[in-house]
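This report refers to the structure that appears directly beneath it.
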Amino acid sequence: MSGQQIAQISAGDQVKGQYLVVSKELRQGGRSGQFLNLTLCDSTGSIPARIWDNAAQVAAQFSQGDVVQVTGTAEDYRGETQLRIVNIRALPREKADPSDYLPRTKKDIGEMEQRLAETVKSVGDEHLRELLLTIFRDEEFRKKFITAPGAKSLHHAYIGGLLEHTVEVLALCEKTAEVFPQLNRDLLISAAILHDIGKIDELTWDTGFDYSDDGKLLGHLVLGERRVRALADQIPGFPEETKLLLSHLILSHHGQAQFGSPKVPMTAEAIALHHAEDLDAKVNMFLGHIGTARSRGQRWTDRHFLLERSLYVGPPQEAEEEE
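Just remember that my numbering sits 16 ahead of the position in the sequence shown, which is counted from 1.
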């Protein structure tokens, strides 16, 4: 990678660098009738970009998933920094590997895997423990699980993000089970580990983060529940009641129908998992948005489209250290 990193780009900057095209859409609008709407990324973050002149002709010169050399100007648009592109050209795949431009977890993958393995051993219910061991014995599954992003864009959207999110939700659920000993710890912990495994089928992450056909049509809650139920059915003597409750936790962990849950939480373990998952996702979203703004020396973040607000960053860290 070369040129200006996306995390360092601020409104008013003249920008030159190499970035991965993670989304590309020709839209109607602008003075010429069409414009090209892009999202570019590198290992430090992503940024929306626009091409206003000769959009259709320029669009034919590169594809989503290409690494491109870009020059342009960063502008503020409705509280968000975006890039107005002046020149863009695709780089040959032999000179630029798209995977090098994808953001990655800053945490140690091996340590997070070990954390999961130790927790699996602590599950007292023999059927749930065997289910977890069976799932992670599958080497192909394990490789996907530790590299998958946690989402396409909203939270933990980086290589290793699914593993990181899972370990964090697991930690929150373990603390919740300590506070509320009435909860079925083994069921809650197992669901925390398994709640998002459908994302390995929902998402693709070879040249950017996107949804698979299965992901668009079914979603990770359904895909994950199907995988877990099929494996549980293969374990002799696995109680039907436990299968039912585990399926419910997976299918209800988004909390509400408007957020993709086929069912709302109807057990104490299900509501605990939902709030642990939502807390981790929201805090990660806040911290990521604040971190990007801090790297640019901003006191407030750009307005976040989903949160519908700007977030307070605070004074520059250098100033804090001098005090």
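Each residue gets a CB set at the ideal place from its N, CA and C atoms; glycine is no exception.
{"Item": "Sequence-distant residues of its chain with Cβ nearer than 8 angstroms to glycine 224 (five each side left out)", "Value": "Leu36, Val37, Val38, Ser39, Cys57, Gln80, Gly81, Pro114 and Leu118"}
{"Item": "Burial state of serine 62, where buried means 16 or more other Cβ atoms lie within 10 Å", "Value": "buried"}
{"Item": "Buried/exposed call for tyrosine 328, threshold 16 Cβ in 10 Å", "Value": "exposed"}
{"Item": "Within 9 angstroms, strictly: CB atoms of arginine 366 and isoleucine 101", "Value": "Past the edges of the chain, shown from 17 to 339, lies residue 366, and the structure says nothing about it."}
{"Item": "Rounded straight-line distance, which links the Cα of asparagine 53 to that of aspartate 69", "Value": "12 angstroms"}
{"Item": "Nearest-angstrom Cα separation, counted from aspartate 154 out to leucine 247", "Value": "11 angstroms"}
{"Item": "Nearest to glycine 253 (by Cα), restricted to the options Glu110, Glu146, Glu127 and Gly45", "Value": "Glu146"}
{"Item": "Residues of its chain near threonine 97, where Cβ-Cβ distance is below 7 angstroms and the 5 sequence neighbours each way are ignored", "Value": "Ile25, Ser26, Ala27, Ile63, Ala90 and Asp318"}
{"Item": "Every unbroken alpha helix (DSSP H) inside the segment 72 to 125 [4 residues or more]", "Value": "none"}
{"Item": "Cut-off 7 angstroms between Cβ atoms - residues of its own chain near threonine 121, not counting five sequence neighbours on either side", "Value": "Tyr174, Ile175, Gly176, Gly177 and Glu180"}
{"Item": "Residue range of the unbroken alpha helix (DSSP H) whose run includes glycine 45", "Value": "Counting along the chain, glycine 45 falls outside any alpha helix (DSSP H), and DSSP gives it neither H nor E."}
{"Item": "Sequence-distant residues of its chain with Cβ nearer than 7 angstroms to arginine 245 (five each side left out)", "Value": "Lys259 and Ser263"}
{"Item": "Euclidean distance between Cα positions of glycine 88 and glutamine 34", "Value": "12 angstroms"}
{"Item": "Sub-9 angstroms separation of glutamate 184 and aspartate 296 beta-carbons", "Value": "yes"}
{"Item": "Per DSSP, cross-strand counterpart(s) of cysteine 189", "Value": "For cysteine 189, which the question treats as bridged, DSSP gives no partner whatsoever."}
{"Item": "Beta-carbon proximity check, leucine 267 vs threonine 283, cutoff 9 angstroms", "Value": "no"}
{"Item": "Sufficient close CB pairs (3 or more, under 8 angstroms) joining the segment 231 to 243 to the segment 200 to 218", "Value": "yes"}
{"Item": "For glutamate 66, the first and last residue of its enclosing beta strand (DSSP E)", "Value": "Correcting the residue type first, residue 66 is arginine in the shown sequence and not glutamate. Its beta strand (DSSP E) spans residues 61 to 67."}
{"Item": "Beta-carbon contacts of glutamate 241 that lie in its chain and below 6 angstroms, excluding the five residues immediately before and after", "Value": "Ser263, Ile266 and Leu267"}
{"Item": "Sequence-distant residues of the same chain with beta carbon closer than 6 angstroms to lysine 32, five excluded per side", "Value": "Gly19 and Thr87"}
{"Item": "Boundaries (first-last residue) of the beta strand (DSSP E) holding threonine 55", "Value": "50 to 58"}
{"Item": "6 angstroms CB neighbourhood of alanine 106 in its chain, flanking five on each side removed", "Value": "Phe78, Asp82 and Val84"}
{"Item": "Residue nearest to histidine 269 in terms of C-alpha spacing, selected from Asp294, Asp249 and Thr182", "Value": "Asp294"}
{"Item": "Three-state secondary structure (DSSP) of glutamine 24", "Value": "helix"}
{"Item": "Own chain partners of valine 280 with C-beta closer than 8 angstroms, once the 5 adjacent residues on each side are dropped", "Value": "Ser268, Gly271, Gln272 and Ala273"}
{"Item": "Residue interval of the alpha helix (DSSP H) (run including aspartate 318)", "Value": "It is not in any alpha helix (DSSP H) - aspartate 318 carries neither H nor E in the DSSP assignment."}
{"Item": "Per DSSP, cross-strand counterpart(s) of serine 39", "Value": "Thr55"}
{"Item": "Residue closest to alanine 75, alpha-carbon to alpha-carbon, out of Glu41, His172, Ala208 and Tyr93", "Value": "Glu41"}
{"Item": "Under the three-state DSSP convention, the category threonine 220 falls into", "Value": "strand"}
{"Item": "Own chain partners of alanine 23 with C-beta closer than 6 angstroms, once the 5 adjacent residues on each side are dropped", "Value": "Thr60, Gly61, Thr308 and Ser311"}
{"Item": "Per DSSP, the bridge partner or partners of glutamine 30", "Value": "Thr89"}
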